[in-house]
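Each number in the numbering used here comes from the position in the sequence shown (counting from 1) with 371 added on. All C-beta atoms in this analysis are idealised placements derived from N, C-alpha and C, irrespective of residue type, glycine included. Note that this is a predicted model, so its numbers are computed, not measured. Worksheet: one structure, shown below.
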Amino acid sequence: LITPIAMDVGLRFAIREGGRTVGAGVISEILS
Numbered sequence: 372l373i374t375p376i377a378m379d380v381g382l383r384f385a386i387r388e389g390g391r392t393v394g395a396g397v398i399s400e401i402l403s
């Protein structure tokens, strides 16, 4: 990622590249 961000369980996120969404999901578990 270009910019680090805080994430928490249950947070929805999207990964975008060139204005298009290439991935999306929900944080289900924090490993470390």
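Cβ shell of residue i (< 6 Å), same chain only, five flanking positions each side left out
i    : result
I398 : M378, V380 and L382
A395 : A385
R391 : none
Cα-Cα separation between residue i and residue j, rounded to whole angstroms
i    : j    : result
A385 : L402 : 20 Å
P375 : E388 : 16 Å
E400 : V393 : 21 Å
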